[in-house]
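The structure appears below as structure tokens.
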Amino acid sequence: MEDGKAGAAVAGAAHGADESQRAIGIDIGGTGVKGGVVDLELGEMVSPRIRKPTPQPSTPDAVMAIVEAVVRELIDGGWATHGMPAGCGLPGVVKHGQLKTAANIDQGWVNAPVQQMLADRLGRPVAIGNDADVAGMAELLFGAARGQSGTVLMLTLGTGIGSALFVDGRLVPNTEFGHLQFHGKDAEKLLSATARERRGLSWKRWAKDFNQFLAQVELYFGPDLIILGGGGSKVYAKYMGYLTTRAPIVTARLLNSAGIVGAALLGHAEAQEGTASLPALESVAPAVS
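Start counting the sequence shown at 656; every next residue gets the next number (my numbering).
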């Protein structure tokens with residue numbers, strides 16, 4: 656469990672609070688499964704952030720066992736209840752409760768009834784969404800994109816490269832810019848945070864390639880703001896001076912917790928409104944001008 660001291664410090668305030676405004680957020684990635692309980696009025700985690708390694712091979716059954724362990728830890732710690740809704744961000748295109756593609760996780764996820772499988776496994780309402788989309792929604796409601804008009808692009812730098820695109824506060828779901836072709840390969844194979852380490856690149860050398868990718872994306876979509884999230888956002892100071900774009904670049908205000916917060920938002924919306932689609936959250940998005 657991470658952030659144990661911080662969790663203990665806020666335990667008194669968290670326990671016994673209004674649980675109707677709380678949900679569990681789970682962020683599944685190629686290297687880690689992260690989770691926590693989120694206060695949806697504050698847009699903040701009120702539990703410790705729990706992280707466990709993604710099992711290899713990352714089959715649905717193996718990963719869901721880890722998700723179950725994360726939720727059990729939250730329950731045993733008194734942070735989550737048995738009826739608390741949950742949301743889950745997954746690395747792939749999500750439609751009708753299924754993953755239609757799977758990036759950096761086992762291909763056994765594709766076309767599996769993932770939403771129902773998670774609900775059955777956890778014994779609670781569960782909603783699923785693309786991991787970058789839910790992270791972007793968290794930034795739209797509580798973070799760097801709050802009140803931002805025009806076109807906003809969020810890129811998450813981790814095992815791969817996720818993307819979320821918003822136009823005047825409305826999500827364009829399931830964009831996969833990390834799979835745009837770059838030097839004959841999927842961009843994320845060369846430019847993700849994990850790829851930089853694998854290639855042994857300095858930040859300056861990596862930024863040179865990443866600038867080319869950003870120029871390509873800007874040509875296609877003309878964003879007014881670019882937000883960098885994921886694990887790579889935590890070390891932004893190491894490469895920020897090397898980036899050159901037309902649009903301003905900022906880091907995700909929620910940093911690497913955006914995926915957890917956004918997943919919890921989605922889970923709460925599904926439980927309240929009976930829909931597991933991210934656009935349903937637009938009713939609570941801040942107005943943009």
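Just so it is clear, CB atoms sit at the ideal spot from N, CA and C, and this is done for glycine as well. Only a predicted model underlies this, so the values are computations on that prediction, with no experimental measurement involved.
Which one of K755, L874, I705 and H923 has the shortest CA to CA distance from P828?
K755
When you compare each of V726, V693 and I882 to L810 by their alpha carbons, which one comes out closest?
Measuring C-alpha to C-alpha distances from L810 to each of V726, V693 and I882 identifies I882 as the nearest.
Between which two residues does the alpha helix (DSSP H) containing N866 stretch?
Unbroken alpha helix (DSSP H) run through N866: W858 to F876.
Using a threshold of 8 Å, state whether the C-beta atoms of N785 and G813 are closer than that.
A distance of 8 Å or more separates the beta carbons of N785 and G813.
Check whether the Cβ atoms of R779 and G738 sit closer than 8 Å, and answer yes or no.
yes
Who does M772 pair with in a DSSP beta bridge?
Note: M772 sits in no beta bridge, so no partner.
What first and last residue would you give for the alpha helix (DSSP H) that runs through P715?
P715 to D731
Would you please state the rounded distance, in angstroms, between the beta carbons of G680 and L729? I believe it to be under 8 Å.
Actually they do not touch by this definition, with Cβ atoms about 10 Å apart.
Buried or exposed for V890, going by 16 or more other Cβ atoms inside 10 Å?
exposed
Run through the DSSP bridge pairs and tell me what L808 is partnered with.
L820 and I881
Are A848 and G885 touching if we call contact CB-CB under 8 Å?
yes
Would DSSP call T736 helix, strand or coil?
coil
Three-state secondary structure (DSSP) at V890?
helix
Skipping 5 residues on each side, what residues in its chain have a beta carbon closer than 6 Å to that of G791?
M809 and A819
Please report how far the alpha carbon of G914 lies from the alpha carbon of W764, in whole angstroms.
Straight-line Cα distance between these residues: approximately 19 Å.
Measure from the alpha carbon of S633 to the alpha carbon of each residue in P710, V692 and A758, then state which is nearest.
Here the chain covers residues 656 to 944 and nothing more, so residue 633 does not appear.
Hey, quick one: how far does the alpha helix (DSSP H) through R779 stretch, first residue to last?
R779 -> no alpha helix (DSSP H), and no H or E assigned at all.
Rounded to whole angstroms, what is the Cα-Cα separation between E928 and L697?
Per the coordinates, the alpha-carbon of E928 lies some 20 Å from the alpha-carbon of L697.
What number of angstroms, rounded off, separates the C-alpha of T806 from the C-alpha of K840?
26 Å
Short check: CB of H923 to CB of A724, under 8 Å?
no
How big is the Cα-Cα spacing for L835 and A902?
20 Å
Rounding to the nearest angstrom, what Cα-Cα distance links R706 and Q676 in this structure?
23 Å
For P746, count the other beta carbons within 10 Å of its own beta carbon; 16 or more makes it buried, fewer makes it exposed. Which is it?
buried
In whole angstroms, give me the CA-to-CA distance for F837 and P878.
19 Å
Among G833, G802 and V718, which has the Cα closest to the Cα of I816?
G833
For P740, count the other beta carbons within 10 Å of its own beta carbon; 16 or more makes it buried, fewer makes it exposed. Which is it?
buried
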